[in-house]
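A.B. asks:
Numbering (the numbering used here), first residue to last: 17 to 128.
Printed below as a string of structure tokens:
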């Protein structure tokens, strides 16, 4: 099974972004991939505390090395996402941009 790193916003509205990360993970699973979703560290770390955010980012980036691809989601690119994409490029890991209409085809609409 292909391992895909879920690259999407977390900071800002953390609760909403965690819900989106769950959806992106479901999308990856239904596409036959194993998602690596570092967003879930926010369930035990506080993203608003710089030291804890750094700990979560470091843990996530350490897992990116083992992934076959990075799947990028969302309408914006955050600083954290830029760091993930930069590392992926340095490691020659393919970065794929996933659009909302692709997600809807596989798992339906959020309101569904």
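From the three backbone atoms N, C-alpha and C, an ideal C-beta is built for every residue, glycine too. These numbers come from a predicted model, not from an experiment.
Can you tell me which residues form a DSSP beta bridge with residue 112?
C.D. replies: 87
A.B. asks: Is the beta carbon of residue 21 closer than 7 Å to that of residue 80?
C.D. replies: Going by C-beta atoms, residue 80 is nearer than 7 Å to residue 21.
A.B. asks: Is it buried or exposed for residue 51, if we count other Cβ within 10 angstroms and need 16 for buried?
C.D. replies: The residue is buried, with at least 16 neighbouring Cβ atoms inside 10 Å.
A.B. asks: Here's the rule: buried if 16 or more other CB atoms are within 10 angstroms of the residue's CB, otherwise exposed. What is residue 66?
C.D. replies: Flag for residue 66 reads exposed.
A.B. asks: Using DSSP bridges, identify the partner residues of residue 23.
C.D. replies: 88
A.B. asks: Quick one: measure Cβ to Cβ for residue 24 and residue 37, integer angstroms, because I've assumed they're closer than 8 Å.
C.D. replies: 6 Å
A.B. asks: Are the beta-carbon atoms belonging to residue 69 and residue 123 less than 7 Å from one another?
C.D. replies: The answer is no: Cβ separation not under 7 Å.
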